[in-house]
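Chains H and C, in that order, give the protein sequences. 680 is the number of the first residue of the first sequence in my numbering; add one for each residue after it. 16 is the number of the first residue of the second sequence in my numbering; add one for each residue after it.
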Amino acid sequence: MTTHAEATAREEGKFTPQDHQSGMPTALVGMLLFIASEVMFFGGLFATYFNARATTSGAWGPPEGAHELDIALAGVLTAILVASSFTMQFGVWAIRRGDTGKLKLWTAITLGLGVLFLAGQLYDYSQLGFGVGDGVFGTVFYTLTGFHGAHVFGGAVGLTIVLARAMRGQFSARNHVAVEAVSMYWHFVDVVWIAVFSTIYLLG
Amino acid sequence: MSDTAFGFLLIGVAMLVVLGVIFAVASRGSRGEVAPVHPPRGVHLPPPSFLPVVMSVGGVLLGAGLAFRGDGEVANPFLAVPGLIVLVLGIFAWVRAANHEWRETEHGPHDDGAAH
Chain H
680 MTTHAEATAR
690 EEGKFTPQDH
700 QSGMPTALVG
710 MLLFIASEVM
720 FFGGLFATYF
730 NARATTSGAW
740 GPPEGAHELD
750 IALAGVLTAI
760 LVASSFTMQF
770 GVWAIRRGDT
780 GKLKLWTAIT
790 LGLGVLFLAG
800 QLYDYSQLGF
810 GVGDGVFGTV
820 FYTLTGFHGA
830 HVFGGAVGLT
840 IVLARAMRGQ
850 FSARNHVAVE
860 AVSMYWHFVD
870 VVWIAVFSTI
880 YLLG
Chain C
16 MSDTAFGFLL
26 IGVAMLVVLG
36 VIFAVASRGS
46 RGEVAPVHPP
56 RGVHLPPPSF
66 LPVVMSVGGV
76 LLGAGLAFRG
86 DGEVANPFLA
96 VPGLIVLVLG
106 IFAWVRAANH
116 EWRETEHGPH
126 DDGAAH
């Protein structure tokens with residue numbers, strides 16, 4: 680049964696409690712479960728990092744002769760990714776209001792920031808001067824940051840699909856579960872990067 | 016440009032190409048809002064139930080009873096017997112719940128007022 684207020688909101692194309700039958704859309708539950716499994720995956724990678732760091736004798740860090748890690752560049756990349764989480768959320772709030780124009784704008788900006796992050800990370804890799812085979816540090820560094828980068832790329836794929844669908848006008852205030860799901864994933868990737876940055880670059 | 020930098024440049028370009036292809040494919044979708052998928056009339060989802068959890072607890076107890084047994088025993092009775100009882104009761108309760116649900120689905124009231 681719909682109340683009068685809900686029926687009015689429905690006619691106006693607004694999101695109503697009726698659209699959230701028994702809580703959460705299945706797609707969002709699926710995304711949450713997927714993110715939970717991803718947390719476990721990254722948990723394993725972090726465990727590897729800390730284990731390698733604890734059991735390596737001698738100095739921990741890039742191999743002899745290589746450059747130190749570029750904390751300034753990584754800091755800029757962190758700022759870019761954190762900013763992209765905000766722009767993503769602005770897009771979600773826009774489509775919840777039914778503002779498809781703002782959704783397109785914020786999604787495009789978020790995608791641009793994500794691509795910028797990837798470009799910055801590839802540039803960082805090219806300047807490091809050590810490879811994945813250079814010692815334990817090289818291996819865990821590239822594994823952790825590389826898998827995170829792959830996840831950013833996965834998020835960029837999702838954002839590209841959201842942008843393309845938004846440009847076809849497929850989203851509305853009532854019907855935009857894909858936007859919500861991709862934004863959840865994007866926030867997750869952002870949080871993981873903060874952990875990676877803190878662990879590898881700040882903690883050392 | 017070093018070989019390493021060139022390699023990373025290639026990776027970056029490949030990523031952009033992939034994103035472009037995905038954008039092109041996703042843009043071929045229908046114009047306008049896509050209606051959310053709802054189950055058709057007559058389709059009913061089962062209600063939430065604790066029985067799967069109850070039965071898996073029974074199964075774990077039974078399995079543990081078969082695994083952690085003394086020499087010459089078939090199973091550890093303190094684990095296997097409660098496990099078997101819980102498992103069998105769980106099956107009976109689930110069949111009962113399914114029958115009840117079936118009756119309600121077939122003959123109970125419906126929001127749309129149509130008889131199925």
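Virtual Cβ for every residue (Gly too), placed ideally from N, Cα, C. All values derive from a computational prediction rather than experimental measurement.
Exercise. How long is the line joining the alpha carbons of residue 697 of chain H and residue 116 of chain C, rounded to whole angstroms?
Worked result: Here the question's residue 697 of chain H lines up with position 18 in the first sequence. Here the question's residue 116 of chain C lines up with position 101 in the second sequence. Caution is warranted here: a pLDDT of 46 is assigned to residue 697 of chain H, below 50, making its placement in the model unreliable, and no coordinate value can be reported.
Exercise. Do you know how far the Cα of residue 101 of chain C is from the Cα of residue 705 of chain H?
Worked result: In the first sequence, counting from the first residue as 1, residue 705 of chain H sits at position 26. In the second sequence, counting from the first residue as 1, residue 101 of chain C sits at position 86. One Cα belongs to residue 705 of chain H, the other to residue 101 of chain C, and the distance between them is close to 31 Å.
Exercise. In three-state terms, what does DSSP make of residue 48 of chain C?
Worked result: On the second sequence, residue 48 of chain C is found 33 positions in, with the first residue counted as 1. The answer is coil: DSSP assigns residue 48 of chain C none of H, G, I, E or B.
Exercise. So is residue 847 of chain H in contact with chain C if we call contact Cβ pairs under 7 Å?
Worked result: Numbered from 1 along the first sequence, position 168 holds the residue referred to as residue 847 of chain H. Chain C, which has a Cβ nearer than 7 Å to the Cβ of residue 847 of chain H, makes this yes.
Exercise. Are there 16 or more other CB atoms within 10 angstroms of the CB of residue 17 of chain C, so buried, or fewer, so exposed?
Worked result: By one-based count along the second sequence, residue 17 of chain C stands at place 2. Using a 10 angstroms sphere on the CB of residue 17 of chain C, the tally of other CB atoms stays under 16, which defines it as exposed.
For this session: Report yes if the C-beta distance between residue 875 of chain H and residue 827 of chain H is below 7 Å; otherwise report no.
Result: Counted from its first residue, the first sequence places residue 875 of chain H at position 196. Counted from its first residue, the first sequence places residue 827 of chain H at position 148. Residue 827 of chain H is positioned such that its CB atom lies closer than 7 Å to that of residue 875 of chain H.
For this session: Tell me, to the nearest whole angstrom, how far the beta carbon of residue 732 of chain H is from that of residue 852 of chain H; I am working on the premise that it is less than 8 Å.
Result: The count along the first sequence starts at 1 and reaches residue 732 of chain H at position 53. The count along the first sequence starts at 1 and reaches residue 852 of chain H at position 173. Taking C-beta atoms under 8 Å as the contact rule, residue 732 of chain H and residue 852 of chain H fail to qualify, at a distance of about 48 Å.
Exercise. Residues of chain H with CB under 7 Å from residue 19 of chain C, in chain order?
Worked result: Along the second sequence, one-based indexing puts residue 19 of chain C at 4. Within chain H, the residues near residue 19 of chain C are 805.
Exercise. Taking Cβ-Cβ distances shorter than 8 Å, what residues in chain H pair up with residue 42 of chain C?
Worked result: Stepping through the second sequence from its first residue, residue 42 of chain C is reached at position 27. Within 8 Å Cβ-Cβ: 843, 846, 847.
Exercise. Excluding five sequence neighbours on each side, which residues of the same chain lie with their C-beta closer than 8 Å to the C-beta of residue 44 of chain C?
Worked result: Taking the first residue of the second sequence as 1, we reach residue 44 of chain C at position 29. If we look at residue 44 of chain C and ignore the five residues flanking it on each side, it has no Cβ neighbours.
Problem set entry | As assigned by DSSP and simplified to three states, the class of residue 793 of chain H | Here residue 793 of chain H refers to the residue found at position 114 when the first sequence is read from its first residue. Under the three-state reduction of DSSP output, residue 793 of chain H falls in the helix class.
Exercise. Between residue 76 of chain C and residue 97 of chain C, which are expected to be in contact by the criterion C-beta below 8 Å, what is the C-beta distance as a whole number of angstroms?
Worked result: Along the second sequence, one-based indexing puts residue 76 of chain C at 61. Along the second sequence, one-based indexing puts residue 97 of chain C at 82. The beta carbons of residue 76 of chain C and residue 97 of chain C sit about 6 Å from each other, so the pair counts as a contact at 8 Å.
Exercise. Just checking, does the segment 836 to 843 of chain H make contact with the segment 855 to 866 of chain H on the three C-beta pairs under 8 Å criterion?
Worked result: Yes: at least three Cβ pairs fall under 8 Å.
Exercise. Of all Cβ atoms in chain H, is any one closer than 7 Å to the Cβ of residue 121 of chain C?
Worked result: Working through the second sequence from its first residue, we reach residue 121 of chain C at position 106. Not a single C-beta of chain H is nearer than 7 Å to the C-beta of residue 121 of chain C.
Problem set entry | Cβ neighbour criterion (16 or more within 10 Å) applied to residue 832 of chain H | For this step, residue 832 of chain H is matched to residue 153 along the first sequence. Residue environment for residue 832 of chain H: buried (at least 16 other C-beta atoms within 10 angstroms of its C-beta).
For this session: Identify which residue in H:823, H:787, H:857 has its Cα closest to the Cα of residue 710 of chain H.
Result: Sequence index remark: in the first sequence, residue 710 of chain H carries index 31 (1-based). Considering only alpha carbons, the answer is H:857.
For this session: Pick helix, strand or coil for residue 844 of chain H, following the three-state DSSP scheme.
Result: Locating residue 844 of chain H in the first sequence gives position 165, counting from the first residue. Three-state DSSP puts residue 844 of chain H in a helix.
Problem set entry | Given 8 Å, three or more beta-carbon pairs between the segment 798 to 805 of chain H and the segment 777 to 790 of chain H | In short, these stretches do not touch, since the Cβ pair count stays below three.
Problem set entry | Cβ of residue 851 of chain H within 7 Å of any chain C Cβ | Here residue 851 of chain H refers to the residue found at position 172 when the first sequence is read from its first residue. Among the residues facing chain C, residue 851 of chain H is included, as its CB has a counterpart in that chain under 7 Å away.
Exercise. Any beta-carbon of chain C closer than 7 Å to the one on residue 801 of chain H?
Worked result: Translated into positions along the first sequence, residue 801 of chain H becomes position 122. It does: the Cβ of residue 801 of chain H has a partner Cβ on chain C nearer than 7 Å.
Exercise. Residues in its own chain within less than 7 Å of residue 756 of chain H by CB, not counting five upstream and five downstream?
Worked result: The residue labelled residue 756 of chain H in the question sits at position 77 within the first sequence. Excluding sequence neighbours, residue 756 of chain H sits near 796, 799, 800.
Problem set entry | Minimum C-alpha distance to residue 843 of chain H - residue among H:761, H:870, H:779 | What you label residue 843 of chain H is simply residue 164 of the first sequence in a count that begins at 1. Check the Cα spacing between residue 843 of chain H and each of H:761, H:870, H:779: the tightest is with H:779.
For this session: Closer than 7 Å by beta-carbon distance: list the chain C residues that pair up with residue 840 of chain H, in chain order.
Result: Along the first sequence, read from residue 1 onward, the residue named residue 840 of chain H stands at position 161. Listed by position along chain C, the residues whose Cβ is nearer than 7 Å to that of residue 840 of chain H are 37, 41.
For this session: Report the rounded CA-to-CA distance for residue 854 of chain H versus residue 845 of chain H, giving the unit in angstroms.
Result: As a position in the first sequence, residue 854 of chain H is number 175, starting the count at 1. As a position in the first sequence, residue 845 of chain H is number 166, starting the count at 1. About 11 Å.
Problem set entry | Under 8 Å by beta carbon: chain C residues contacting residue 860 of chain H | Within the first sequence, the letter at position 181 stands for residue 860 of chain H. Going along chain C, no residue has its Cβ under 8 Å from residue 860 of chain H, so there is no contact; the nearest lies around 13 Å.
Problem set entry | Cβ neighbours of residue 94 of chain C in the same chain (closer than 6 Å, five flanking residues each side left out) | The residue you call residue 94 of chain C lines up with position 79 of the second sequence. When the five nearest sequence neighbours on each side are left out, the beta carbons in the same chain lying within less than 6 Å of the beta carbon of residue 94 of chain C are those of 76, 79, 80, in order along the chain.
Exercise. Using Cβ-Cβ distances below 8 Å, what residues of the segment 821 to 835 of chain H are close to chain C?
Worked result: Cβ contacts with chain C come from 832, 835.
For this session: Return no unless some Cβ of chain C is closer than 7 Å to the Cβ of residue 798 of chain H.
Result: Position 119 of the first sequence holds residue 798 of chain H. Output row for residue 798 of chain H: interface = yes.
Exercise. For chain H, is any of its Cβ atoms less than 7 Å away from the one on residue 105 of chain C?
Worked result: Working through the second sequence from its first residue, we reach residue 105 of chain C at position 90. Residue contact check for residue 105 of chain C against chain H: no CB pair falls below 7 Å.
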